Amino acid sequence: MDIVKTNSGWDRNQMAQKVALDIPDGSYVNLGIGLPELVAAYVPEGREVIYHTENGLLGMGSAPETGFEDPELINAGKKAVTAIQGACFFHHADSFAMIRGGHIDICVLGAMQVSEEGDLANWSTGEPHSIPAVGGAMDLVSGVKTIFIITQHVTKDGEPKIVGKCTYPLTGKKVVDRIYTDLAIIDVTDAGLFVKELAPGITFEYVQKNTGVSLNRYF
Amino acid sequence: MDIVKTNSGWDRNQMAQKVALDIPDGSYVNLGIGLPELVAAYVPEGREVIYHTENGLLGMGSAPETGFEDPELINAGKKAVTAIQGACFFHHADSFAMIRGGHIDICVLGAMQVSEEGDLANWSTGEPHSIPAVGGAMDLVSGVKTIFIITQHVTKDGEPKIVGKCTYPLTGKKVVDRIYTDLAIIDVTDAGLFVKELAPGITFEYVQKNTGVSLNRYF
Amino acid sequence: MINKIFQSAADAVEDISDGSVVMISGFGEAGSPIELIHALVDRGAKNLTVVSNNTGSGNVGLAALIENRQVGKMICSFPRTANSTVFPELYRKGEIELELVPQGTLAERIRAGGAGIPAFYTPTAVDTPLSEGKEVRIFNGIRYILESAIKADFALVKCKSADRLGNLIYNKTARNFGPVMCMAAKTCIVQAREIVEQGKIDPEAVVTPGIFVTRIVEIPHPAHESQLVLENRRYPWI
Amino acid sequence: MINKIFQSAADAVEDISDGSVVMISGFGEAGSPIELIHALVDRGAKNLTVVSNNTGSGNVGLAALIENRQVGKMICSFPRTANSTVFPELYRKGEIELELVPQGTLAERIRAGGAGIPAFYTPTAVDTPLSEGKEVRIFNGIRYILESAIKADFALVKCKSADRLGNLIYNKTARNFGPVMCMAAKTCIVQAREIVEQGKIDPEAVVTPGIFVTRIVEIPHPAHESQLVLENRRYPWI
Chain A
307 MDIVKTNSGW DRNQMAQKVA LDIPDGSYVN LGIGLPELVA AYVPEGREVI YHTENGLLGM
367 GSAPETGFED PELINAGKKA VTAIQGACFF HHADSFAMIR GGHIDICVLG AMQVSEEGDL
427 ANWSTGEPHS IPAVGGAMDL VSGVKTIFII TQHVTKDGEP KIVGKCTYPL TGKKVVDRIY
487 TDLAIIDVTD AGLFVKELAP GITFEYVQKN TGVSLNRYF
Chain B
307 MDIVKTNSGW DRNQMAQKVA LDIPDGSYVN LGIGLPELVA AYVPEGREVI YHTENGLLGM
367 GSAPETGFED PELINAGKKA VTAIQGACFF HHADSFAMIR GGHIDICVLG AMQVSEEGDL
427 ANWSTGEPHS IPAVGGAMDL VSGVKTIFII TQHVTKDGEP KIVGKCTYPL TGKKVVDRIY
487 TDLAIIDVTD AGLFVKELAP GITFEYVQKN TGVSLNRYF
Chain C
540 MINKIFQSAA DAVEDISDGS VVMISGFGEA GSPIELIHAL VDRGAKNLTV VSNNTGSGNV
600 GLAALIENRQ VGKMICSFPR TANSTVFPEL YRKGEIELEL VPQGTLAERI RAGGAGIPAF
660 YTPTAVDTPL SEGKEVRIFN GIRYILESAI KADFALVKCK SADRLGNLIY NKTARNFGPV
720 MCMAAKTCIV QAREIVEQGK IDPEAVVTPG IFVTRIVEIP HPAHESQLVL ENRRYPWI
Chain D
540 MINKIFQSAA DAVEDISDGS VVMISGFGEA GSPIELIHAL VDRGAKNLTV VSNNTGSGNV
600 GLAALIENRQ VGKMICSFPR TANSTVFPEL YRKGEIELEL VPQGTLAERI RAGGAGIPAF
660 YTPTAVDTPL SEGKEVRIFN GIRYILESAI KADFALVKCK SADRLGNLIY NKTARNFGPV
720 MCMAAKTCIV QAREIVEQGK IDPEAVVTPG IFVTRIVEIP HPAHESQLVL ENRRYPWI
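Protein chains in written order, with the working numbering: chain A, 307 to 525; chain B, 307 to 525; chain C, 540 to 777; chain D, 540 to 777.
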């Protein structure tokens with residue numbers, strides 16, 4: 307059987323939009339640095355989502371207009387942000403009490419690898435001369451109720467990021483709930499990985515070929 | 307040898323004044339309920355002492371004038387108080403972080419019994435039908451740097467309150483630093499109890515006679 | 540769209556059911572959500588475990604809830620009051636269970652429940668009867684005991700002002716256990732003296748961030764517990 | 540009479556000696572007490588253990604302290620920065636020690652240090668390399684690791700306003716680690732944009748109660764770290 311790919315899959319914005327559609331009205335959400343940040347722009351009209359940034363702000367708004375940046379009003383990626391009406395500031399221990407205590411509904415993170423069982427590696431390559439830097443990633447995956455991963459399906463070198471076992475050091479074990487890639491949306495379940503949706507023109511077989519572990523399908 | 311007592315010893319206010327004289331300028335102090343509350347009135351002119359009340363106020367002031375009581379501005383004894391300029395309010399976990407974390411310099415408490423080793427019993431008679439109620443006493447004795455006890459030297463029945471071993475359930479073990487009674491001021495040291503000062507007309511022998519354990523004297 | 544505002548105390552407590560663990564804010568009457576407690580008396584849920592610093596005064600508020608035989612167990616630091624015989628009488632008859640917890644340990648266990656900390660070590664109560672049966676461990680030569688987190692199904696909390704997102708500020712020493720209880724309960728129900736427009740509470744001065752709050756009821760003129768006690772009132776009102 | 544006000548940053552850091560454990564507030568440049576750090580560079584104390592979320596940017600502030608070889612060990616969550624090579628170079632040469640701590644665990648360990656909690660259990664980092672060698676314990680079927688408190692000899696903290704009693708308020712997300720570091724250090728040294736009259740800070744809005752603060756220095760116009768980095772400045776100023 308030929309492996310069919312008639313389309314390049316979703317682009318970054320479309321991926322972000324897919325994530326955004328799955329965030330229910332009224333959710334408290336923490337968005338990781340980079341690709342996850344795009345999600346905020348695609349929350350459907352009529353839904354209210356409150357963004358938490360672990361450096362001490364609940365009710366993070368969009369980026370300020372040029373010239374209105376405040377170096378003391380930043381997000382976890384150290385970029386200038388704004389605060390919505392009804393926002394509040396708090397210290398780091400309180401902020402991570404929200405995270406660790408299970409008060410944040412959804413966290414959207416990037417990934418280096420995700421395993422069949424939902425293990426996540428996204429903080430270190432484990433190479434001897436790399437500078438290890440974990441930030442809040444381990445706290446987020448252990449504390450937030452639902453973890454969404456948004457990532458390209460394969461690495462720049464074409465290697466699968468969705469694998470049987472992570473080879474990079476783990477951020478957390480059995481923590482990922484759903485993976486959004488340029489090719490598909492994949493649920494992590496006790497029975498294995500289930501493809502929930504395919505990008506237009508992308509076949510299940512093509513996704514499988516680019517995945518390091520056996521996939522299941524709902525359909 | 308006759309045991310000499312030519313005076314009834316210090317009254318409650320004089321006891322409180324003795325405690326107050328031993329509180330250094332700039333101290334953060336927690337005063338227990340009852341007799342300890344009298345101490346605040348006797349802080350010498352020129353010394354600034356900041357009072358902490360464990361129900362969430364640093365910078366407690368004196369009692370309000372009649373008619374100006376606020377049921378939401380009270381001390382640990384649930385009596386109306388005021389707040390000084392520069393006071394602040396905080397929640398219970400933060401308040402006890404101050405206590406447990408060793409940030410309060412001095413706590414002045416009442417006692418049912420104090421032992422030779424500085425064990426304190428001041429929360430329960432241990433009788434089967436009494437209602438046990440501990441409040442913040444155990445937190446205070448384990449966390450505050452210096453514990454002063456202010457108490458009558460003997461019970462209403464004339465029994466010594468300063469004893470070899472406490473017979474009542476303990477509030478804390480080896481926690482008391484100094485005892486102020488109507489008869490004497492007594493230091494708790496590793497070498498035993500040392501009488502530091504006698505009330506006018508009170509002899510060491512008289513204090514010893516009313517104490518359940520052997521006393522030492524500095525003088 | 541987030542809107543946590545409920546129209547009445549009765550609506551707000553409607554799903555508190557038998558056997559629930561309920562935290563109730565307050566240090567004495569300061570911060571005690573008396574209207575929410577009375578709504579819970581009306582609701583009638585039984586066999587509750589109540590976590591609160593005290594056991595109420597007179598025959599109103601928390602004392603009324605206990606007197607109405609809705610509380611199977613109290614977790615508190617100071618169950619003795621000068622002006623209520625409700626708890627002592629049931630306790631002496633063995634009809635209510637008591638878990639006595641030092642006040643700071645109580646506050647920290649509740650905070651831990653809200654902060655995702657299952658257990659912590661504390662110096663408080665070491666070598667006292669309240670540490671019986673608890674694990675002792677030495678750190679840097681000092682003995683500590685292990686204490687576990689307390690979580691609740693519901694918290695009933697009183698505050699000064701709230702907005703529709705659930706951001707709260709409190710009044711003076713009525714703050715006490717409110718903020719940590721909001722954190723530690725699955726459903727946090729708040730009575731506010733006023734509900735203000737979103738953005739009216741200074742974001743630097745918010746004490747309880749809205750994420751911890753589930754429901755808000757505006758009670759502009761809450762009853763004064765001490766006044767009710769003076770008047771010998773009892774709830775349900777006779 | 541309590542007066543915690545010091546006349547200069549140099550005076551305020553004068554007793555920080557070799558081998559001290561120093562907490563430094565800030566998340567990136569937000570909340571980083573750059574003038575106090577520069578005073579510590581001038582002071583020259585060596586072999587410091589620094590507890591701070593990051594390792595500084597460019598060649599100013601915390602990066603300058605590290606570059607000046609005053610830091611023997613960093614305890615932090617995120618030592619990588621786009622715009623500084625100071626820490627990475629020393630780290631790769633094995634000339635600075637690193638204890639990498641997840642950000643929330645770092646904050647909680649510091650809070651514990653200030654709150655008299657010697658150790659606590661947390662779910663963060665379970666089954667990852669950062670839990671290696673740590674005690675694992677199961678509560679309610681879930682695995683947690685034991686983490687210990689962090690205390691410091693000194694904390695260097697930046698805030699917005701202070702009064703002479705040491706009550707502090709912060710500015711937006713520059714609050715971050717400041718409040719918990721104030722709690723956890725024997726000597727807490729604060730640089731404030733303004734020192735205000737006692738009573739001017741709303742007692743309901745105080746973030747750090749004065750009891751946690753030892754010294755205050757007024758720095759009305761603190762340097763902007765990112766601006767200095769853009770200008771390729773380095774400290775000591777050339």
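Glycine residues also receive a C-beta, built at the ideal position from the N, C-alpha and C atoms. Source: prediction; values computed, not measured.
Among the options, whose alpha-carbon lies nearest the alpha-carbon of residue i?
i              : options                        : result
residue 563(C) : 714(C), 671(C), 682(C)         : 714(C)
residue 436(A) : 729(D), 655(D), 597(D), 620(D) : 620(D)
residue 470(A) : 502(A), 369(A), 427(A), 309(A) : 427(A)
residue 397(A) : 589(D), 720(D), 763(D)         : 720(D)
residue 312(B) : 516(B), 506(B), 400(B)         : 506(B)
residue 337(B) : 314(B), 442(B), 524(B)         : 442(B)
residue 555(C) : 613(C), 679(C), 587(C), 541(C) : 587(C)
residue 646(D) : 582(D), 603(D), 718(D)         : 718(D)
residue 351(A) : 459(A), 341(A), 327(A), 369(A) : 327(A)
residue 492(A) : 510(A), 475(A), 479(A)         : 510(A)
residue 598(D) : 609(D), 668(D), 617(D), 624(D) : 624(D)
residue 548(C) : 676(C), 672(C), 581(C)         : 581(C)
Give the straight-line distance between the Cα atoms of residue i and residue j, rounded to the nearest whole angstrom.
i              : j              : result
residue 477(B) : residue 663(C) : 9 Å
residue 335(B) : residue 446(B) : 11 Å
residue 404(A) : residue 639(C) : 28 Å
residue 372(B) : residue 348(B) : 22 Å
residue 655(D) : residue 670(C) : 17 Å
residue 353(B) : residue 523(B) : 30 Å
residue 659(C) : residue 685(C) : 6 Å
residue 618(C) : residue 637(C) : 9 Å
For residue i, which residues does DSSP report across the bridge?
i              : result
residue 687(D) : 658(D)
residue 486(A) : 456(A), 491(A)
residue 518(A) : 469(A)
residue 730(C) : 697(C), 756(C)
residue 706(C) : Residue 706(C) is not bridged to any residue.
residue 427(A) : 419(A)
residue 358(A) : 336(A), 364(A)
So, residue i versus residue j, is the Cβ gap smaller than 8 Å?
i              : j              : result
residue 325(A) : residue 456(A) : yes
residue 732(C) : residue 758(C) : yes
residue 730(C) : residue 568(C) : no
residue 473(B) : residue 419(B) : yes
residue 591(D) : residue 579(D) : no
residue 399(B) : residue 365(B) : no
residue 649(C) : residue 689(C) : yes
residue 571(D) : residue 693(D) : no
residue 584(C) : residue 756(C) : no
residue 489(A) : residue 513(A) : yes
residue 377(B) : residue 765(C) : yes
residue 449(B) : residue 541(D) : no
residue 777(D) : residue 544(D) : no
residue 723(C) : residue 611(C) : no
Pop quiz: residue i and residue j are said to be a contact at Cβ under 8 Å. What is the actual Cβ separation, rounded to whole angstroms?
i              : j              : result
residue 362(B) : residue 387(B) : That pair is no contact at about 12 Å.
residue 711(D) : residue 379(A) : 4 Å
residue 409(A) : residue 751(C) : 7 Å
residue 527(B) : residue 360(B) : No answer is possible for residue 527(B): the residues shown for chain B start at 307 and end at 525.
residue 627(C) : residue 393(A) : The Cβ separation is near 47 Å, so there is no contact.
residue 565(D) : residue 699(D) : The Cβ separation is near 14 Å, so there is no contact.
residue 635(D) : residue 605(D) : 7 Å
residue 374(B) : residue 412(B) : Going by Cβ atoms, the distance from residue 374(B) to residue 412(B) rounds to 29 Å, so no, they are not a contact pair.
residue 668(D) : residue 475(A) : 5 Å
Using a cut-off of 7 Å between C-beta atoms, extract the partners of residue i located in chain G.
i              : result
residue 712(D) : Checking the listed chains, one finds no chain G in this structure; the protein chains it contains are A, B, C and D.
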